[in-house]
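One structure is given here, and the rest of the page talks about it.
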Amino acid sequence: MNRLMYYVPLVLLGILAVYFSAGLGRNPATLESVLINQQVPEFSLPPIEGSSKGIAKVDLKDQVVLVNIFGSWCKACWIEHPFLIDLKEKGVVPVYGINWRESNRQAGPRWLKKFGDPYTLIGDDPKSKGAIAFGVSGAPETFFVNKHGIIRYKHMGPITEQNWNDTLKPILEALRKE
Amino acid sequence: MIVEIGHFALILALFVAALQGTLSMIGTHRRDASLMAIAAPAALVQLALVMLSFAALTWAFVTSDFSVLNVAQNSHTAKPMLYKISGVWGNHEGSMLLWALVLALYGGAIAAFGNNLRPSLKVRVLGVQALIATGILAFVLLTSNPFLRLSPAPVNGNGLNPLLQDPGLAFHPPLLYLGYVGLSITFSFAVAALIEGRVDTAWARWVRPWTLAAWGFLTAGIVLGSWWAYYELGWGGWWFWDPVENASFMPWLAATALLHSAIVSEKRDTLKSWTIFLAIIAFALSLLGTFLVRSGVITSVHAFASDPTRGVFILLLLVVTIGGAFALFAWRGPSLKGSGLFQPISREGGLLLNNFLLMVAAASILLGTLYPLFIDVLELGKVSVGAPYFESVFIPMMIPMILVMGIAPFLKWKRGNISSASGQLKIAAMITVIGGGLSWLIIDRANALAAFGIALAIWLFVATLIELAGRVKLFRVPFSDSIKRLLRQPRASWGMTLAHAGLAIAIAGMTASSAWRVEKIQVMKFGDSVDVAGYTYTLNSVNEFLGPNYKATRGRFSVTRGDSFSLVLQPEKRVYSTRGMSTTEAAIHPTFLGDLYAVVGDRDKKSGGYITRLYFNPLVPWMWAGSLIMVLGAGISLSDRRHRIGAPAKSKIVPRGAPAE
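First to last, the protein sequences are chains S and B.
So the first sequence is numbered by this note's numbering: it starts at 236 and just counts up by one.
So the second sequence is numbered by this note's numbering: it starts at 84 and just counts up by one.
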């Protein structure tokens, strides 16, 4: 075998180390979205199957709302789902859903039928139009939109009782005062 | 006071390890016998000190000494004793101390049982092991000290994350660490051999039992973790391709490759630099896993406290340890020439092909795990890589691997001949086609892939059994002679037969449970019945009661099938008072063909019923049984006299190219 081949592992390790050291300073869970403190982008999504109304920018007017990106394929969405149901039942805050990249038209509605529907309105987004407008990077993701239609916060990953109480609920309360 | 003794013992252990490491290296370099004599006693002293330290921390947890910060953050007086003890490693600091303990344990084992090793090799192995220990102990003391005091001491602690309060998870970390920290020994062997510039068949023979032990523990640890996820998370799934799971799976793939490559190095005196490379990479992946989990560069549903200073430290440790080893490899590797040549179609050829497939699989999992980090660092956005990627990449690579696993044991070393085994392989192939075809026709015609998976499992199982039958000359000599031959099979070959057959059984379980799971989710009122895969579940009652440190809702389902089968399943949902977190405790009844699996959820306010999730998970018990058979195979192989530590080498092969010493 060529002698140089024996250097390949060392070189690869070096490259990895550069990435790791660059990655250390970052927190993968928090993200400065370019859309934070910007108006909600113009978007309009059709309803999911079995429902008559989709979702568009005008639906979010004059109230503090959450916009939640979900999909039945996303395991972490299953984790946060019961908590979203809880939010709906307690009437804490309206949650609007963007059903992202389902493999077929039935998957999303079937999932919601099984586990319950926590959303005020849902838009179907198989081609990522809405997700791109919001600058979504993965599911689940939740945007906090204030009364003036401005995105004030973005939460990545599932909402849990813990991060709701620690971080998200205070943010929601602050937005209500804006 | 006891806590301070533990803290002090840990500091002493650091110094002992540093001395052991440097003196061993200097001693072997100068061939100074008095310096070399220090290595083994030092390893034992280091082990005793780390054990003392670990015992002190355990004592603090057991007595709920909340003046210790770590205990206050992670324990609670109302916790059952088992979880007070498992709480020691249920947190970052304690688990790193366990890491150091396991590292010292393997070092101590070499010191105590490694008398058959060449003295210079033994001392070098202990030296490398001690240098790793120095790094890890420094890491614990400087960034993750579990012995820090808290003043004033709180009245009670925060409690352990309820998800972790589970017997399965109590033993998961120790087993996992025995596995992947155990790979440190093969790493030390590899580095020591590179320093000596000498890899011979004796070296490979010494490495094998350690690899086998680490592999067995790692397998057991991964399976226990998967089992925990299966019954505790309540979704009926058992593998999620989460970064933390991948972190344990990649070393497993590398260790599996190493296990097989070391056989070739021992028996055929070849693939030397490849074996060395695998020994380094297996431990590198273990360290990488620790780095990924502990530094917070990757998001995971396993929420560990992450801290960038810890990340910097582990990264440094990783670069120095593995970078050093790879540099040595680049320098010395090319001179490790093997003597055994072989044709592509031979047992070596089959083993090498599978080695290659295992490593490509590990590399693609590594890529998927790190991809979000790469993209993030390059400012290209944030992405997550999920199960679809891993499944579509991993499974296709396993198909040729399993096909070859069936064939390779039939081939001869050096130059094999497929036609000599073709009669037996034809029988295996026929049974496979019939079995796969039947599963397609009878069970599910819509899912040809699942039938293919079952066919693969049948192929591996049947080929493994036929190979065993060939070895005992079944039907070719009188039956009683075959039985005698069966009993005389070396334990190492029993190990292979069991491990391969176990994998076949596990593959059947994985395929069936992924393809044919029956899932019913609904709101049920008392008296309601639901049919799941032929079983009728009736919800009888839901009661609330108090556990030692939680409030529980317990559902009671009676499950019947016809007149002959009836049982009661009692799943629970627990809310832990100290953290306000809830967990699901699925009720599972294993049957030969699958698990009956029930979960009770929240009360549905509208109808007054309860949300229930009922599953039939086909062949899941096969998955656990198959994995246990694999671990059993490792254990039996390990008890082979040829592997037993201290047993004199029986090999007739004279080490080649040994320099005069």
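C-beta atoms are modelled at their ideal positions from N, C-alpha and C, and glycine is treated no differently.
Computed from a predicted model, the values in this text were never measured in an experiment.
Along the chain, where does the beta strand (DSSP E) that runs through residue i open and close?
i	result
R696(B)	Y693 to P701
T621(B)	Y618 to L629
V264(B)	It is not in any beta strand (DSSP E) - V264(B) carries neither H nor E in the DSSP assignment.
I304(S)	V300 to F305
M240(S)	Careful: M240(S) lies outside any beta strand (DSSP E) and carries neither H nor E.
P673(B)	A670 to T674
Return the residue from the list the options that minimises the CA-CA distance to residue i.
i	options	result
Y166(B)	L247(B), V615(B), L258(B) and S649(B)	L247(B)
S467(B)	K310(S), P353(S) and E396(S)	K310(S)
A546(B)	Y263(B), R600(B) and A511(B)	A511(B)
V327(B)	H343(B), P256(B) and F648(B)	P256(B)
P353(S)	T402(S), L245(S) and P344(S)	P344(S)
P427(B)	G177(B), L435(B) and W298(B)	L435(B)
A587(B)	L539(B), R571(B), A534(B) and I566(B)	L539(B)
G170(B)	L118(B), L231(B), Y189(B) and V145(B)	V145(B)
F196(B)	P124(B), P229(B), M481(B) and G421(B)	P124(B)
F366(B)	T339(B), G433(B), K509(B) and V347(B)	T339(B)
G218(B)	W182(B), S234(B), N530(B) and N239(B)	W182(B)
S710(B)	A303(B), G265(B) and L118(B)	A303(B)
P483(B)	L494(B), W523(B) and N437(B)	N437(B)
S447(B)	F648(B), L461(B), Y472(B) and V460(B)	Y472(B)
G638(B)	M488(B), V99(B), I694(B) and L266(B)	I694(B)
F332(B)	G177(B), A287(B), Y260(B) and I346(B)	Y260(B)
N334(S)	Q273(S), R411(S) and G358(S)	G358(S)
P631(B)	Y659(B), A139(B) and V615(B)	Y659(B)
L239(S)	Y189(B), L532(B) and A413(B)	A413(B)
F544(B)	L486(B), A534(B) and E87(B)	L486(B)
T105(B)	G210(B), R114(B) and R201(B)	G210(B)
S429(B)	L399(B), R415(B), S503(B) and R377(B)	S503(B)
G585(B)	G716(B), F628(B) and A161(B)	G716(B)
Over what stretch of residues does the alpha helix (DSSP H) that includes residue i continue unbroken?
i	result
M164(B)	M164 to S169
Y448(B)	In the sequence as displayed, the identity of residue 448(B) is Ile instead of Tyr. Element bounds for I448(B): R430 to V460.
K656(B)	Not the alpha helix (DSSP H): K656(B) falls in the beta strand (DSSP E), residues E655 to Y659.
G489(B)	A470 to I490
V154(B)	L152 to N157
P202(B)	P202 to T226
P292(B)	T284 to E315
Q248(B)	Neither: Q248(B) is in no alpha helix (DSSP H) and is coded neither H nor E.
W496(B)	Careful: W496(B) lies outside any alpha helix (DSSP H) and carries neither H nor E.
V99(B)	I85 to R113
K432(S)	Absent from the model: residue 432(S). The displayed extent of chain S is 236 to 413, so no value can be given.
I193(B)	H175 to F196
K348(S)	A342 to F350
S117(B)	A116 to M119
State the beta-bridge partners of residue i as determined by DSSP.
i	result
F648(B)	R644(B)
S612(B)	T621(B)
R686(B)	Y693(B)
V133(B)	The partner list for V133(B) (beta bridge, DSSP) is empty, contrary to what the question assumes.
K634(B)	L629(B) and V658(B)
P357(S)	According to the sequence provided, residue 357(S) is Ile. The question's Pro does not apply to it. DSSP lists G332(S) as partners of I357(S).
T666(B)	R657(B)
D678(B)	P673(B) and N700(B)
R232(B)	V151(B)
The ligand PLP and residue i: does any heavy atom of the ligand fall closer than 7 Å to the residue's C-beta?
i	result
A273(B)	Of the ligands one can find in the structure shown there are none, so the ligand PLP has no counterpart to examine.
(request) Would you mind listing the beta strand (DSSP E) stretches within the segment 547-610 of chain B that are 3+ residues and don't spill past its ends, in chain order? (result) 601-607
(message) At a CB distance below 7 Å, what residues from the segment 390-419 of chain B approach chain S? Give them in sequence order.
(response) P391, G394, V395, L398, V402, I405, G406, F409, A410, F412, A413, G416 and P417
(message) Against chain S, which members of the segment 166-190 of chain B pass a CB distance test of less than 8 Å?
(response) none
(message) Give me the subset of the segment 309-338 of chain S whose CB atoms are less than 9 Å from a CB atom of chain B, sorted by chain position.
(response) C309, K310, A311, W313, I314, P317, I320, D321 and E324
(message) What are the residues in the segment 553-577 of chain B lying within 8 Å of chain S by C-beta distance?
(response) none
(request) With a floor of 4 residues, list each alpha helix (DSSP H) that falls wholly inside the segment 268-332 of chain S, ordered by position along the chain. (result) 310-324
(request) Compile a chain-ordered list of the residues in the segment 257-285 of chain B whose CB is closer than 7 Å to at least one CB of chain S. (result) none
(request) Please specify which runs of the alpha helix (DSSP H), each continuous and at least 4 residues long, are wholly inside the segment 361-390 of chain S, giving them in chain order. (result) 364-369
(request) Please list the residues of the segment 336-366 of chain S that have a C-beta atom closer than 9 Å to any C-beta atom in chain B, keeping them in chain order. (result) K349, F350 and G351
(request) Would you list, in chain order, the members of the segment 236-261 of chain S that have their beta-carbon closer than 8 Å to a beta-carbon of chain B? (result) M236, R238, Y241, Y242, P244, L245, L248, G249, L251, A252, Y254, F255, S256, A257, G258, L259, G260 and R261
(message) Threshold first: 4 residues or longer. Then list the alpha helix (DSSP H) segments lying entirely within the segment 331-387 of chain B, N to C.
(response) 355-378
(message) What are the residues in the segment 273-307 of chain S lying within 9 Å of chain B by C-beta distance?
(response) none
(message) Using a Cβ-Cβ cutoff of 9 Å, what residues of the segment 367-388 of chain S are near chain B? List them in chain order.
(response) G370, S372, G373 and A374
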